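Take a look at the structure set out below.
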Amino acid sequence: MPRHLIIGNGVAGIRAAEAIRQRDSRSSVTILSAESYPFYLRPQLPRFVAGEVPEAGLKGKPKRYYADNGLDVRLGAQVVGLKDNKVTLQDGQTIEFDTLLIATGARPTVPAGVDVKTAGVVTLGSLDDAKRLKEAVNTAKTAVVLGAGIFGIELVNTLVRCGVAVTFLIPEARFWPEALDEIASDLAEKHLSAAGVRLVKGVKLAETRARQGKLSGVTTTGGDFIECQLLGVAEGATPNVDFLRPSGLQMDRGIVVDAQMRTNLPNVFAAGDCAQVAHVASGGLETSIRWQNAWQQGAVAGANMAGEPVKYPGVTTTASVLLCDVEVVAIGKSNAWGGDYKVKIGDETAEYPQEGIYKKLVADQHGTLVGALFLGNASEANDVDQLVRDKARLSDVSDELMKRLFGFQSYYWRPPAAFCPVCKLQMVLGPDAKEGDTLACPACGVELEVTKVGDRLSVSLAR
């Protein structure tokens with residue numbers, strides 16, 4: 016009877032366990048988690064900190080989920096080594112396996128010189144982080160956030176929700192150049208400013224200052240002192256793979272895998288934020304910090320661990336996030352402009368950006384779609400993502416989709432749509448959707464309820 020071992024109790028690990036069980040009800044499946052909590056909905060941590068979701072609302076599975084599915088979960092089990100088809104735990108125990116999945120996720124990157132043990136220095140990568148932040152915001156009036164990636168944006172969103180005055184420290188000359196072009200950066204900065212966020216660009220953190228063991232402020236490389244009670248640290252994401260470096264696994268930014276999520280070691284797989292997978296648009300290998308991608312990769316890994324050959328099609332959407340309640344979706348080469356790339360942003364009657372909305376399609380020199388960018392209205396993101404995945408040509412995009420993307424009416428009307436609060440899938444609601452309706456996210460399966468925010472329909476976790 017095969018012995019399947021999974022390191023990581025997040026979405027990739029859980030989805031892999033389910034995929035194994037769908038194909039094999041008898042083999043042993045053991046899940047090791049360094050955290051002390053059962054599976055929880057990590058994307059809901061900002062709302063937990065803001066008091067909008069109780070801790071019980073973070074629960075991702077029913078109480079008897081592990082037992083009912085024959086899963087041996089071991090919480091607080093820290094893996095420190097991998098060698099010869101067995102892993103070693105921090106307490107010295109060893110566990111042998113026939114197949115292994117590494118799904119250890121990633122953590123917010125902390126720059127050198129920042130001590131996360133200082134009271135007031137916070138991150139938001141785990142439930143323990145969220146609990147510390149939830150307590151800290153009760154007495155904080157001002158905060159500085161480092162880093163303009165996904166983790167940084169989530170920290171800003173969280174602190175704004177909590178009523179804390181935020182200064183966003185951006186080392187580049189503009190906001191999030193890895194995902195946004197200059198037009199989108201400018202528009203995003205305006206949205207942030209409208210939400211009360213102060214942006215300081217082109218400088219880095221020089222040092223932190225503390226008084227009686229508590230953070231009192233920070234100094235920038237520009238010489239300015241910014242008083243704050245909180246410092247949110249999120250300069251990118253670091254895969255949790257340091258303990259595996261002596262193992263012989265091929266690594267770059269993350270653990271390198273093929274289309275079946277296999278590593279270079281026999282019977283060892285990797286999935287989720289710690290894995291480096293094929294990117295459809297670039298043709299290279301990239302890490303991707305996105306719940307939906309991790310969900311899909313876990314399913315592929317689990318199928319292959321159970322003996323069914325399944326291939327992962329690769330990553331296209333690299334970012335899907337709410338920026339102070341403004342939709343942002345970046346697909347493929349989203350920040351490309353000029354040179355070998357042809358860009359479509361509108362026509363003679365409707366040039367973006369207008370009304371706080373920006374949409375862009377990117378094609379390479381051969382006319383093949385390789386990227387897209389949506390800010391303020393991402394209603395067509397799923398359709399465009401599929402076109403990029405299919406390597407469609409810009410000239411082949413239907414007139415109907417072009418009209419929805421760039422027609423004049425697109426500024427003033429959009430189909431009812433919302434982001435799944437868990438996997439961030441952009442969902443188009445039906446024309447008859449109304450407040451109180453329930454539905455399941457087609458990507459991650461979580462049960463949702465249609466809610467109303469102002470005059471717009473949205474979705475939240477079902478109560």
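If you read the sequence shown in my numbering, its first letter stands for residue 16, the second for the next number, and so on. Ideal placement from N, C-alpha and C gives every residue a C-beta, glycine not left out. Remember, it's a predicted structure, so these values are computed and weren't measured experimentally.
Count the other CB atoms within 10 Å of the CB of M16; is the residue buried (16 or more) or exposed (fewer)?
In this structure M16 is exposed. Its beta-carbon is surrounded by fewer than 16 other beta-carbon atoms within 10 angstroms.
With a CB to CB cut of under 6 Å and the five nearest residues on each side skipped, what residues in its chain are close to Q265?
V271 and N279
F30, buried or exposed, once every other Cβ within 10 Å from all chains shown has been counted against 16:
A small fix is needed here, since residue 30 is Arg in this sequence, not Phe. Buried, because 16 or more other Cβ atoms sit within 10 Å of the Cβ of R30.
Need the endpoints of the alpha helix (DSSP H) that L246 sits in, please.
Per DSSP, L246 belongs to no alpha helix (DSSP H); it is in the beta strand (DSSP E), L245 to V248.
Range covered by the beta strand (DSSP E) that runs through E111:
T109 to E111
Run of the beta strand (DSSP E) containing D379, from where it starts to where it stops:
Per DSSP, D379 belongs to no beta strand (DSSP E) and is neither H nor E.
Is it buried or exposed, D411, if we count other Cβ atoms within 10 angstroms and call 16 or more buried?
exposed
Are the segment 114 to 129 and the segment 202 to 216 touching by the rule of at least three beta carbon pairs closer than 8 Å?
Output reads no: the segment 202 to 216 does not touch the segment 114 to 129.
Just checking my contact of A293 with G269 at CB under 8 Å: how many whole Å lie between their CB atoms?
The Cβ separation is near 12 Å, so there is no contact.
I need the straight-line Cα distance from N392 to T332, nearest angstrom please.
Near 16 Å, if we compare the C-alpha coordinates of T332 and N392.
Closest Cα partner of T223 within the set L416, L161 and R277:
L161
Which class does I21 belong to by DSSP, given the choice of helix, strand or coil?
In the structure shown, I21 adopts extended strand secondary structure according to DSSP, grouped into three states.
L60 vs I22 beta-carbon contact at 7 Å:
In this structure, I22 does not lie closer than 7 Å to L60 by Cβ.
Within the segment 310 to 338, ranges of the beta strand (DSSP E) (whole runs, at least 3 residues):
332 to 338
Looking at the structure shown, is E395 part of a helix, part of a strand, or coil, going by DSSP?
In the structure shown, E395 sits in coil (DSSP, three-state: anything other than H, G, I, E or B).
S335 classed as buried or exposed, judged by whether at least 16 other C-beta atoms fall within 10 angstroms
When all chains shown are included, S335 counts as buried.
Among residues of its own chain, excluding the 5 on either side of D355, which ones have a beta-carbon nearer than 8 Å to its beta-carbon?
D379 and Q380
Look at the Cβ atom of A34, then the Cβ atom of G287, and state whether they are nearer than 7 Å.
no
Where G386 falls: helix, strand or coil (DSSP)
strand
So, with DSSP's three-state summary, where would you put Q401?
Shown here, Q401 sits in a helix according to DSSP, grouped into three states.
Whole-angstrom Cβ separation of R36 and G85, contact assumed at under 8 Å?
Contact holds; Cβ gap of about 7 Å.
Sequence-distant residues of the same chain with beta carbon closer than 7 Å to T236, five excluded per side
V218, K219 and A221
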